[in-house]
Amino acid sequence: MTRNLLWAVGGVVLAAVVAVGCTGHKVERIGTDVERDLSGEWNDQDSRMVAEEMVADALARPWLRNFRREHGERPTVIVGSVRNLSHEHINTRTFVNDIQRELINSGEVDFVAGADQRELIREERREQDLHASEETRKAMGREVGADFMLLGSVNSIIDQHDREQIRYYQVDLELISLADNRKVWIGNKEIRKYVRAAAARQ
(Lines of atoms letter the chains of each structure in order from A and count residues from 1; the text may use other names and numbers.)
(Lines give C-alpha, C1' and ligand atoms only; values in the text may rest on other atoms or scores of the structure.)
Protein backbone atom coordinates (compact mmCIF):
# COMPACT_ATOMS: atom_id res chain seq x y z
CA MET A 1 0.00 0.00 0.00
CA THR A 2 1.45 3.35 -1.01
CA ARG A 3 2.00 6.23 1.39
CA ASN A 4 -0.69 8.36 -0.32
CA LEU A 5 -3.19 5.53 -0.02
CA LEU A 6 -2.37 5.14 3.67
CA TRP A 7 -2.96 8.86 4.22
CA ALA A 8 -6.31 8.64 2.39
CA VAL A 9 -7.49 5.65 4.41
CA GLY A 10 -6.39 7.33 7.64
CA GLY A 11 -8.33 10.47 6.75
CA VAL A 12 -11.50 8.49 6.07
CA VAL A 13 -11.18 6.64 9.40
CA LEU A 14 -10.57 9.89 11.28
CA ALA A 15 -13.59 11.53 9.67
CA ALA A 16 -15.74 8.55 10.61
CA VAL A 17 -14.56 8.66 14.22
CA VAL A 18 -15.28 12.39 14.43
CA ALA A 19 -18.73 11.89 12.91
CA VAL A 20 -19.57 9.12 15.38
CA GLY A 21 -18.26 11.19 18.29
CA CYS A 22 -20.44 14.16 17.33
CA THR A 23 -23.61 12.08 16.97
CA GLY A 24 -26.20 13.20 19.49
CA HIS A 25 -24.37 16.39 20.46
CA LYS A 26 -26.85 19.24 20.52
CA VAL A 27 -26.61 22.89 21.52
CA GLU A 28 -29.72 24.91 22.25
CA ARG A 29 -29.83 28.56 23.25
CA ILE A 30 -32.21 29.21 26.13
CA GLY A 31 -33.30 32.38 27.88
CA THR A 32 -31.46 33.48 31.00
CA ASP A 33 -34.77 33.34 32.88
CA VAL A 34 -35.40 29.69 31.95
CA GLU A 35 -34.81 27.38 34.92
CA ARG A 36 -32.90 24.21 34.06
CA ASP A 37 -31.13 22.62 36.99
CA LEU A 38 -28.98 19.85 35.53
CA SER A 39 -26.73 18.84 38.41
CA GLY A 40 -28.51 20.06 41.51
CA GLU A 41 -25.50 22.20 42.40
CA TRP A 42 -25.54 25.95 43.08
CA ASN A 43 -26.14 27.77 39.80
CA ASP A 44 -26.88 31.18 38.28
CA GLN A 45 -30.60 30.91 39.07
CA ASP A 46 -29.84 30.33 42.74
CA SER A 47 -27.45 33.28 42.79
CA ARG A 48 -29.96 35.71 41.27
CA MET A 49 -32.92 34.48 43.33
CA VAL A 50 -31.04 34.66 46.64
CA ALA A 51 -29.63 38.11 45.84
CA GLU A 52 -33.05 39.49 44.91
CA GLU A 53 -34.84 38.09 47.97
CA MET A 54 -32.15 38.97 50.51
CA VAL A 55 -31.65 42.52 49.25
CA ALA A 56 -35.42 43.08 49.24
CA ASP A 57 -35.56 41.86 52.85
CA ALA A 58 -32.62 44.06 53.90
CA LEU A 59 -34.14 47.19 52.39
CA ALA A 60 -37.47 46.57 54.13
CA ARG A 61 -35.95 46.54 57.63
CA PRO A 62 -35.84 49.45 60.15
CA TRP A 63 -32.11 50.26 59.78
CA LEU A 64 -32.75 52.00 56.46
CA ARG A 65 -35.63 54.16 57.72
CA ASN A 66 -33.70 54.99 60.88
CA PHE A 67 -30.62 56.10 58.94
CA ARG A 68 -32.58 58.30 56.52
CA ARG A 69 -34.52 59.88 59.40
CA GLU A 70 -31.31 60.61 61.33
CA HIS A 71 -29.11 61.77 58.44
CA GLY A 72 -31.63 62.95 55.87
CA GLU A 73 -29.96 61.04 53.03
CA ARG A 74 -29.44 57.59 51.61
CA PRO A 75 -26.84 55.38 53.32
CA THR A 76 -23.72 54.40 51.41
CA VAL A 77 -23.05 50.67 51.24
CA ILE A 78 -20.09 48.54 50.22
CA VAL A 79 -20.07 44.76 49.73
CA GLY A 80 -17.14 43.04 51.38
CA SER A 81 -16.38 39.34 51.06
CA VAL A 82 -18.86 36.49 50.73
CA ARG A 83 -17.03 33.33 51.75
CA ASN A 84 -17.71 29.98 50.14
CA LEU A 85 -17.85 27.44 52.99
CA SER A 86 -19.78 24.87 50.98
CA HIS A 87 -18.67 21.45 49.72
CA GLU A 88 -18.50 22.62 46.09
CA HIS A 89 -16.93 25.35 44.01
CA ILE A 90 -19.17 28.43 43.98
CA ASN A 91 -18.26 31.56 42.08
CA THR A 92 -18.97 34.03 44.87
CA ARG A 93 -17.85 36.92 42.66
CA THR A 94 -20.94 36.36 40.50
CA PHE A 95 -23.12 36.27 43.62
CA VAL A 96 -21.56 39.50 44.92
CA ASN A 97 -22.22 41.14 41.53
CA ASP A 98 -25.88 40.06 41.75
CA ILE A 99 -26.14 41.62 45.21
CA GLN A 100 -24.50 44.85 44.04
CA ARG A 101 -26.85 45.11 41.08
CA GLU A 102 -29.93 44.68 43.26
CA LEU A 103 -28.72 47.26 45.77
CA ILE A 104 -27.81 49.86 43.15
CA ASN A 105 -30.95 49.39 41.07
CA SER A 106 -33.15 49.69 44.17
CA GLY A 107 -32.39 53.42 44.39
CA GLU A 108 -32.57 53.13 48.19
CA VAL A 109 -28.83 53.25 48.89
CA ASP A 110 -25.68 54.75 47.41
CA PHE A 111 -22.89 52.40 46.53
CA VAL A 112 -19.09 52.67 46.50
CA ALA A 113 -16.47 50.58 44.76
CA GLY A 114 -14.84 47.61 46.47
CA ALA A 115 -11.21 47.40 47.56
CA ASP A 116 -9.81 46.08 44.25
CA GLN A 117 -11.66 48.67 42.20
CA ARG A 118 -10.66 51.50 44.52
CA GLU A 119 -6.96 50.74 43.98
CA LEU A 120 -7.41 50.95 40.21
CA ILE A 121 -9.28 54.23 40.52
CA ARG A 122 -6.67 55.70 42.86
CA GLU A 123 -3.92 54.76 40.42
CA GLU A 124 -5.84 56.58 37.69
CA ARG A 125 -6.03 59.69 39.89
CA ARG A 126 -2.28 59.55 40.46
CA GLU A 127 -1.83 59.37 36.69
CA GLN A 128 -4.13 62.36 36.26
CA ASP A 129 -2.09 64.37 38.78
CA LEU A 130 0.89 63.98 36.45
CA HIS A 131 -0.67 64.06 33.01
CA ALA A 132 -4.18 65.58 33.02
CA SER A 133 -4.96 69.28 32.74
CA GLU A 134 -5.86 71.18 35.89
CA GLU A 135 -9.42 71.66 34.64
CA THR A 136 -10.08 67.95 34.16
CA ARG A 137 -7.98 66.14 36.77
CA LYS A 138 -9.79 64.58 39.72
CA ALA A 139 -8.23 65.36 43.10
CA MET A 140 -7.28 62.77 45.69
CA GLY A 141 -9.00 62.73 49.09
CA ARG A 142 -12.56 63.24 47.89
CA GLU A 143 -13.86 59.69 48.07
CA VAL A 144 -17.21 58.95 49.67
CA GLY A 145 -16.83 56.75 52.73
CA ALA A 146 -19.23 53.86 53.17
CA ASP A 147 -21.64 53.82 56.10
CA PHE A 148 -22.26 50.06 56.03
CA MET A 149 -20.47 46.93 54.84
CA LEU A 150 -22.25 43.75 53.75
CA LEU A 151 -20.48 40.48 54.62
CA GLY A 152 -21.59 36.89 54.27
CA SER A 153 -21.04 33.21 53.63
CA VAL A 154 -22.51 30.27 51.70
CA ASN A 155 -22.70 26.89 53.48
CA SER A 156 -24.00 23.52 52.32
CA ILE A 157 -24.95 20.09 53.64
CA ILE A 158 -25.40 16.93 51.56
CA ASP A 159 -27.73 14.17 52.78
CA GLN A 160 -27.42 11.13 50.50
CA HIS A 161 -28.71 7.56 50.39
CA ASP A 162 -28.17 5.30 47.39
CA ARG A 163 -29.22 7.33 44.33
CA GLU A 164 -31.21 9.96 46.26
CA GLN A 165 -29.72 13.17 47.56
CA ILE A 166 -30.87 16.30 49.38
CA ARG A 167 -28.67 19.34 48.76
CA TYR A 168 -29.07 22.05 51.37
CA TYR A 169 -27.60 25.54 50.92
CA GLN A 170 -27.65 28.27 53.53
CA VAL A 171 -26.70 31.87 52.71
CA ASP A 172 -26.03 34.22 55.63
CA LEU A 173 -25.52 37.96 55.14
CA GLU A 174 -24.82 40.66 57.72
CA LEU A 175 -24.92 44.43 57.33
CA ILE A 176 -22.48 46.14 59.70
CA SER A 177 -22.15 49.82 60.57
CA LEU A 178 -18.61 51.03 59.85
CA ALA A 179 -18.97 53.80 62.43
CA ASP A 180 -19.35 51.52 65.45
CA ASN A 181 -19.36 47.87 64.24
CA ARG A 182 -23.07 47.43 65.05
CA LYS A 183 -24.88 44.74 63.09
CA VAL A 184 -28.01 46.45 61.80
CA TRP A 185 -29.38 43.57 59.71
CA ILE A 186 -28.85 39.81 59.54
CA GLY A 187 -30.38 37.86 56.68
CA ASN A 188 -30.69 34.15 55.99
CA LYS A 189 -31.85 32.25 52.93
CA GLU A 190 -32.12 28.47 52.59
CA ILE A 191 -32.36 26.37 49.44
CA ARG A 192 -33.13 22.64 49.40
CA LYS A 193 -32.85 20.52 46.27
CA TYR A 194 -33.88 16.91 45.79
CA VAL A 195 -31.67 15.07 43.31
CA ARG A 196 -32.23 11.52 42.08
CA ALA A 197 -29.42 10.04 40.01
CA ALA A 198 -30.20 7.90 36.96
CA ALA A 199 -29.84 4.14 37.37
CA ALA A 200 -26.54 2.72 36.13
CA ARG A 201 -26.68 1.06 32.71
CA GLN A 202 -26.30 -2.70 32.68
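Numbering (numbering that gives the first Met the number 0), first residue to last: 0 to 201.
Ideal Cβ placement from N, Cα and C applies to all residues, glycine included.
Anyone know if the C-beta pair for residue i and residue j falls short of 9 Å?
i	j	result
R73	V49	no
S85	V194	no
V76	V111	yes
V183	S176	yes
G151	L119	no
V78	G113	yes
E189	Y167	yes
E51	E101	yes
Could you give the DSSP three-state label for residue i: helix, strand or coil?
i	result
D109	strand
W184	strand
D158	strand
R136	coil
N90	coil
N104	helix
Decide if residue i is buried, meaning its Cβ has at least 16 other Cβ atoms within 10 Å, or exposed.
i	result
L174	buried
I98	buried
G71	exposed
L129	exposed
S208	Only positions 0 to 201 of the chain appear in this structure, which leaves residue 208 out of reach.
A57	buried
Sort the options by Cα distance to residue i and report the nearest one.
i	options	result
R117	G140, V81, F66 and W62	G140
Q44	N90, I185, R60 and K25	N90
A196	A131, R181, R68 and D161	D161
Q159	R100, L102 and R191	R191
K137	Q127, A145 and D146	Q127
E87	H24, D179, W41 and E101	W41
A145	S155, N180, S132 and R60	N180
R47	V95, R124, R125 and R121	V95
L63	I156, I157 and F147	F147
N227	L149, I165, A178 and R92	No answer is possible for residue 227: it lies beyond the span of the chain, which begins at 0 and ends at 201.
For the ligand ATP, any of its heavy atoms closer than 8 Å to the Cβ of residue i?
i	result
H86	This structure simply doesn't include the ligand ATP, nor any ligand for that matter.
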